[in-house]
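Chemist: What follows is a single structure, and I will ask about it in a moment.
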Amino acid sequence: MICMEFADVKKWVIFFLGILVAIIIADALSNIVMNYSGLTGWVNFVISFVLYAVFFFAILYVLEKVVGIEFFGFGRE
């Protein structure tokens, strides 16, 4: 019984660590790209947001394939 609870906790910790890693890497990559772009103002904000979202979901997808954690399951069996 305790092993089952530990396995569930471990699964959730790995899940949240995966999301945290994706956030950090996506933020760094989008900042690097935007620093070299030279854009300013609202255009910088919009493109930075879109780049961040693309990097974030791409990293989650790669982590899903490499580590085997299901981020985009939506109840799949």
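Position in the sequence shown (from 1) plus 3 gives the number in the numbering used here.
All residues carry an ideal CB built from backbone N, CA and C; glycine is no exception.
Alpha carbon to alpha carbon, what distance is there between Leu54 and Leu63?
Modeler: Start at 1 with the first residue of the sequence shown, and residue 63 comes out as number 60. Start at 1 with the first residue of the sequence shown, and residue 54 comes out as number 51. Taking the straight line joining both Cα atoms gives about 14 angstroms.
Chemist: Alpha carbon to alpha carbon, how far is Val46 from Val57? Give it in angstroms, no decimals.
Modeler: By one-based count along the sequence shown, residue 57 stands at place 54. By one-based count along the sequence shown, residue 46 stands at place 43. The alpha-carbon separation between Val57 and Val46 amounts to approximately 17 angstroms.
Chemist: So for Phe48, helix, strand or coil by DSSP?
Modeler: Sequence index remark: in the sequence shown, residue 48 carries index 45 (1-based). In this structure, Phe48 counts as helix in the three-state DSSP scheme.
Chemist: Excluding the five sequence neighbours on either side, which residues of its own chain have a C-beta within less than 6 angstroms of the C-beta of Ser97, listed in chain order?
Modeler: Because the chain spans 4 through 80 in this model, residue 97 falls outside it and cannot be assessed.
Chemist: What number of angstroms, rounded off, separates the C-alpha of Ala31 from the C-alpha of Val24?
Modeler: Taking the first residue of the sequence shown as position 1, residue 31 is located at position 28. Taking the first residue of the sequence shown as position 1, residue 24 is located at position 21. Using only the alpha carbons, I get a separation of about 11 angstroms.
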